Amino acid sequence: MVNLMEFELFMNYLDLLKKCEKISFSDDAINVYVGDHETAKIFVNFTDDLSGAALNTNRRWVKIFYAGCQRPYEIPSYFAKCQQRKQSQQKQQKNMILKRIATDEVFTAPTKWNPVLYDALGKMIKGDRPMALLTPDDYQVWVNRQAANLTKDTLETAVTIKVSNYWAAEDLTALHEKIKKYGAGNPFEHTYRCELTSDGQWAIATNRYEVLKNGYRISTNLSHAFIERPEGIMVGL
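When we follow the numbering used here, the leftmost residue of the sequence shown carries the number 3, and every step to the right adds one.
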């Protein structure tokens, strides 16, 4: 037996179900009947939705029958349970990372998270040198406390800076040439001149860079020495 609430819950999952010739409910399964094998295969492409329907109506299976079939396609509710478990683990992982951010003080601009950036954040949390994450167009979007202290910026300001506005143009051009040369996953070092601090102090600095698969790059400052602003130097690209 199935109650009206269960039936409506199932029907809300897919407009595709309008292709059904019949739907019935047994104790352990939702039974879907379609006209031919090709239509049945279309339903199989919606495994996640159908598995979720079985789980939410307390059935073990969605079984898809078609004319002439000897055995129906069977989609277990277990698939949806696995997906829920995975989402729960991802949420727990994100919460753990966010707690560590508060402790280790990596400050981020609003971020659309993905696995590449989770890995990058882990590296910055563990780092003990000034570190930053930069976009392909040279915006600094994450910094750790050490980097903000070095540049004398507030954390809020540090994640809004376009670094090309402060670098010697020829040194920035050379950096982008190295990025193209080394590509993702091949760390390299680069020495450059820039207006390093918010109060206008210039420096010559060496950073280690790691380009990520999404084109962002992690920079780690290895050394710096303050200098007078070079005469006639051009800033930016």
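Beta carbons are placed, not taken as given, at the ideal position from N, Cα and C, and that holds for glycine.
Predicted model, so just to flag it, every value in this text is computed and none were measured.
Using the rule of at least 16 other Cβ atoms within 10 Å of the residue's Cβ for burial, across every protein chain shown, is residue i buried or exposed?
i: threonine 156; result: exposed
i: valine 46; result: exposed
i: tryptophan 115; result: exposed
i: arginine 231; result: exposed
i: serine 221; result: buried
i: alanine 104; result: With a pLDDT of 44 at alanine 104, under the threshold of 50, the predicted position of this residue should be treated as unreliable, and no value is reported.
Taking the alpha-carbon of residue i as reference, which of the options has the nearest alpha-carbon?
i: aspartate 140; options: Leu177, Gly185, Thr41; result: Leu177
i: cysteine 22; options: Leu136, Lys164, Asp38; result: Asp38
i: arginine 154; options: Ala171, Lys183, Pro132; result: According to the sequence shown, residue 154 is lysine rather than arginine. Of the candidates Ala171, Lys183, Pro132, the one whose C-alpha sits nearest the C-alpha of lysine 154 is Pro132.
i: leucine 52; options: Ile77, Thr41, Ala170, Val213; result: Ile77
i: threonine 59; options: Ser166, Asp130, Asn33; result: Asn33
i: leucine 198; options: Arg73, Ser166, Thr110; result: Ser166
i: glutamate 158; options: Tyr168, Val145, Trp169; result: Val145
i: glycine 217; options: Tyr35, Ser26, Ala122, Pro138; result: Pro138
i: arginine 195; options: His226, Lys182, Leu214; result: His226
Using a Cβ-Cβ cutoff of less than 6 Å, which residues in the same chain neighbour residue i once the five nearest sequence positions on both sides are dropped?
i: arginine 62; result: Asp30, Ser79
i: glutamate 107; result: Arg147
For residue i and residue j, what's the separation of their Cα atoms in angstroms?
i: aspartate 201; j: proline 117; result: 36 Å
i: alanine 149; j: phenylalanine 228; result: 15 Å
i: tyrosine 211; j: phenylalanine 81; result: 41 Å
i: glutamine 142; j: asparagine 151; result: 15 Å
i: isoleucine 66; j: glutamate 191; result: 58 Å
i: isoleucine 206; j: threonine 113; result: 30 Å
i: phenylalanine 48; j: tyrosine 120; result: 29 Å
i: alanine 160; j: alanine 111; result: 9 Å
i: arginine 87; j: alanine 42; result: 28 Å
Answer yes or no: the CB of residue i versus the heavy atoms of the ligand GTP, is any distance below 7 Å?
i: arginine 195; result: Among the ligands in the structure shown, none appear at all, so the ligand GTP cannot be discussed.
Could you name the residues of the same chain whose beta carbon sits closer than 7 Å to that of residue i, not counting the 5 residues immediately before and after it, in chain order?
i: lysine 83; result: Leu57
i: proline 74; result: Lys65, Ile66, Phe67
Next item on the list: Counting only runs of 4+ residues fully inside the stretch 160 to 217, write out the alpha helix (DSSP H) ranges in chain order.
Entry: As far as the stretch 160 to 217 is concerned, its whole alpha helix (DSSP H) runs of at least 4 residues are 171 to 184.
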